[in-house]
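Report on one structure; see the data block that follows.
Number of protein chains: 2
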Amino acid sequence: MSNGNHQLHTLVVRVENKAGVLARVAGLFARRGFNIDSLAVAPVVDESFSRITIVVDVESAPLEQIVKQLHKLVNVLDIVELSPTEAVERELMVITVRSDAIDELKALTQEFHATWLDDRSGQAMISISSFPARVEEFEERLKPYGIVELQRSGKIALHRLPD
Amino acid sequence: MSNGNHQLHTLVVRVENKAGVLARVAGLFARRGFNIDSLAVAPVVDESFSRITIVVDVESAPLEQIVKQLHKLVNVLDIVELSPTEAVERELMVITVRSDAIDELKALTQEFHATWLDDRSGQAMISISSFPARVEEFEERLKPYGIVELQRSGKIALHRLPD
Chain U
1 MSNGNHQLHT LVVRVENKAG VLARVAGLFA RRGFNIDSLA VAPVVDESFS
51 RITIVVDVES APLEQIVKQL HKLVNVLDIV ELSPTEAVER ELMVITVRSD
101 AIDELKALTQ EFHATWLDDR SGQAMISISS FPARVEEFEE RLKPYGIVEL
151 QRSGKIALHR LPD
Chain Z
164 MSNGNHQLHT LVVRVENKAG VLARVAGLFA RRGFNIDSLA VAPVVDESFS
214 RITIVVDVES APLEQIVKQL HKLVNVLDIV ELSPTEAVER ELMVITVRSD
264 AIDELKALTQ EFHATWLDDR SGQAMISISS FPARVEEFEE RLKPYGIVEL
314 QRSGKIALHR LPD
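These protein sequence lines are chains U and Z, in that order. Heads up: the first sequence runs through residues 1 to 163, numbered per the numbering used here. Heads up: the second sequence runs through residues 164 to 326, numbered per the numbering used here.
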């Protein structure tokens with residue numbers, strides 16, 4: 001995710017909310033040796049459908065082939081590739097860190113407009129929701145304090161509003 | 164996700180960040196006919212590993228079998244089942260709605276401590292990061308205005324801080 005040498009693409013795939021659909025989508029990338037950097041899937045309004053945001057590490061040419069093959073999968077409704085200029089991208093991270101320097105941590109939380117969730121037993125839990133590079137930066141700034149556990153949601157992307 | 168008849172379990176799976184791992188994990192659920200309700204996967208601090216929060220719709224007994232089989236998968240490091248009482252759960256949603264009643268929408272955004280991202284061309288984009296039931300409730304409250312597009316991150320879960 002932070003590797004500047006890789007080319008990351010964001011795909012939005014709408015699928016039917018059925019057992020096995022996610023496995024088939026992920027399997028298609030796997031068979032071609034492409035690593036999924038992050039993936040977020042959840043039902044949409046009508047819970048018979050789900051929307052997946054996939055960030056994948058690929059070159060452009062084979063990505064076109066993957067998109068063609070995705071279209072052929074049963075239960076896949078449509079696929080859109082969203083470039084950073086057409087998309088609004090956000091990510092969520094919840095992180096537990098050692099809280100020895102609690103005043104510094106609280107200041108950092110404020111600086112990043114993050115949310116202080118809890119602190120107890122020498123640990124603090126903080127949540128941040130922002131654009132992915134900002135989440136990455138927050139994680140980097142927290143590293144020196146000692147990260148106990150973290151989960152990032154993976155990037156989620158929507159179309160930018162029309163002009 | 165909002166279906167009260169189903170039994171939803173939250174699993175946290177740590178895996179090596181390699182092509183095909185996600186497909187194998189998702190495939191294991193698919194082969195047994197279990198639907199993955201939501202899944203969020205992203206690299207952790209050391210980017211050679213990823214952490215997956217999976218919400219799956221199952222009965223307890225077969226879940227134990229799935230966990231046993233997950234343990235046997237190559238590149239899977241460990242699996243924890245987190246009950247709501249042991250976990251802090253959060254979810255992110257970005258949603259685009261029709262903005263005909265913009266004052267009402269802004270009031271609703273404030274009420275839910277959500278973030279107003281943009282409004283243009285008769286549409287508004289709003290982001291919310293909260294506990295999953297609250298995100299669900301916000302989505303329900305926005306429905307009457309007309310949802311254009313939405314993506315939820317799926318639930319992410321961390322261990323509650325020790326007492």
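Virtual Cβ for every residue (Gly too), placed ideally from N, Cα, C.
Ranked by Cα distance from residue 220 of chain Z, the first of U:46, U:19, U:120 and U:127 is U:19. In the DSSP assignment, residue 280 of chain Z falls within the unbroken beta strand (DSSP E) covering 278-283. Within the segment 83-111 of chain U, the residues whose Cβ lies closer than 7 Å to any Cβ of chain Z are, in chain order, 88, 90, 92, 94 and 96.
Closest option to residue 184 of chain Z, judged by alpha-carbon separation, among U:9, U:162 and U:37: U:37. At a beta-carbon threshold of 9 Å, none of the residues of chain U lie near residue 225 of chain Z; the nearest stands roughly 13 Å away. Residue 72 of chain U has a beta carbon lying at 8 Å or more from every beta carbon in chain Z. Only 182, 183, 184, 185, 186, 187, 188, 189, 190, 191, 192, 193, 194, 195, 196, 197, 198, 199 and 200 from the segment 182-200 of chain Z bring a Cβ to less than 9 Å from some Cβ of chain U. Nearest Cα to residue 72 of chain U within the set U:24, U:112, U:122 and U:81: U:24. Looking at Z:274, Z:198 and Z:313, the one whose alpha-carbon comes closest to that of residue 89 of chain U is Z:313.
Around the beta carbon of residue 276 of chain Z, fewer than 16 other beta carbons sit within 10 angstroms, so the residue counts as exposed. Taking a 10 Å sphere around the C-beta of residue 254 of chain Z, we find 16 or more other C-beta atoms and assign the residue as buried.
Taking 8 Å as the cut-off, the beta carbon of residue 260 of chain Z is found closer than this to the beta carbon of residue 268 of chain Z. Counting along the chain, the unbroken beta strand (DSSP E) around residue 150 of chain U starts and ends at 147-152. With contacts defined by Cβ atoms closer than 8 Å, residue 40 of chain U and residue 153 of chain U form a contacting pair.
Judged by DSSP secondary structure, residue 273 of chain Z falls outside any beta strand (DSSP E) and instead within the alpha helix (DSSP H) spanning 265-274. Residue 212 of chain Z: member of the beta strand (DSSP E) spanning 212-220, first to last residue. Around the beta carbon of residue 214 of chain Z, a 10 Å sphere encloses 16 or more other beta carbons of the protein chains shown; the residue is thus reported as buried. Here residue 107 of chain U is exposed: its Cβ has fewer than 16 other Cβ atoms, across all protein chains shown, within 10 Å. Inter-residue distance for residue 125 of chain U and residue 67 of chain U is about 39 Å (C-alpha atoms, whole angstroms).
A residue is called buried when at least 16 other Cβ atoms come within 10 angstroms of its Cβ; residue 306 of chain Z does not meet this threshold and is exposed. The continuous stretches of beta strand (DSSP E) do not include residue 73 of chain U, and DSSP gives it neither H nor E. When C-alpha distances from residue 162 of chain U are compared across Z:294, Z:281, Z:301 and Z:178, the shortest belongs to Z:281. Rounded to whole angstroms, residue 55 of chain U and residue 83 of chain U show a C-alpha spacing of 11 Å. Sequence-distant partners of residue 75 of chain U (beyond 5 residues in either direction) whose C-beta falls short of 6 Å from its own C-beta, in its chain, are 15, 16, 18 and 21. Contacts with chain Z at 8 Å (Cβ-Cβ) include residue 45 of chain U. Nearest neighbour of residue 191 of chain Z by Cα position, chosen from Z:227, Z:205 and Z:170, turns out to be Z:227. Under a criterion of Cβ atoms nearer than 9 Å, no residue of chain U is adjacent to residue 171 of chain Z; the nearest Cβ is some 12 Å distant. Against chain U, the CB of residue 286 of chain Z has a partner CB under 8 Å away; the residue lies at that interface. With respect to the C-alpha of residue 297 of chain Z, the residue from Z:272, Z:309 and Z:286 having the closest C-alpha is Z:272. Not a single CB atom of chain U sits nearer than 8 Å to the CB of residue 242 of chain Z.
Beta-carbon to beta-carbon, residue 292 of chain Z and residue 129 of chain U are separated by about 4 Å, close enough to satisfy the 8 Å threshold.
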